[in-house]
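In my numbering, the protein residues as written are 1 to 125.
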């Protein structure tokens, strides 16, 4: 792999990592897909960065569980659904005053909830 491509992959991976981290706090910005993209770009450009992501105490276990087991830990399901619904409901109550936007936000949240709940729950070790 050329050094230019490697640098571009590292930059894109880092942007995905930042977007995934922001997604923890913002509703409707996906977290896991961005972190999976981070892993994809890092594994192709820097084994050191990939290993740092996978060893991260905050989200490394979630990514590993998703990639290896195709499952989500119960704590992760509860946390993501609680934060998503709290932020969506607060947004709909205090920030969004257009009815069709509220309906759209609620519909997307229902879809994301169904998606999260469709994954098997990983047993904690």
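By construction, the Cβ of each residue, glycine as well, lies at the ideal position given by its N, Cα and C atoms.
- Between the stretch 4-17 and the stretch 46-56, the count of C-beta pairs closer than 8 Å reaches three or more; the two stretches touch.
- In this structure residue 5 is exposed. Its beta-carbon is surrounded by fewer than 16 other beta-carbon atoms within 10 angstroms.
- Between residue 77 and residue 31, the C-beta spacing is not below 8 Å.
- Ranked by Cα distance from residue 67, the first of 36, 55 and 109 is 36.
- The criterion of a C-beta distance shorter than 8 Å is satisfied by residue 34 and residue 19.
- Bounds of the alpha helix (DSSP H) holding residue 39 are 32-43.
- Ranked by Cα distance from residue 85, the options 64, 110, 7 and 101 are led by 110.
- The DSSP-derived three-state label of residue 116 is helix.
- The criterion of a C-beta distance shorter than 8 Å is satisfied by residue 39 and residue 53.
- Nearest C-alpha to residue 82 among 113, 92 and 96: 113.
- Distance from the CA of residue 116 to the CA of residue 89, rounded to the nearest whole angstrom, comes to 18 Å.
- A check of alpha carbon separations from residue 119 across 70, 43 and 56 identifies 70 as the nearest.
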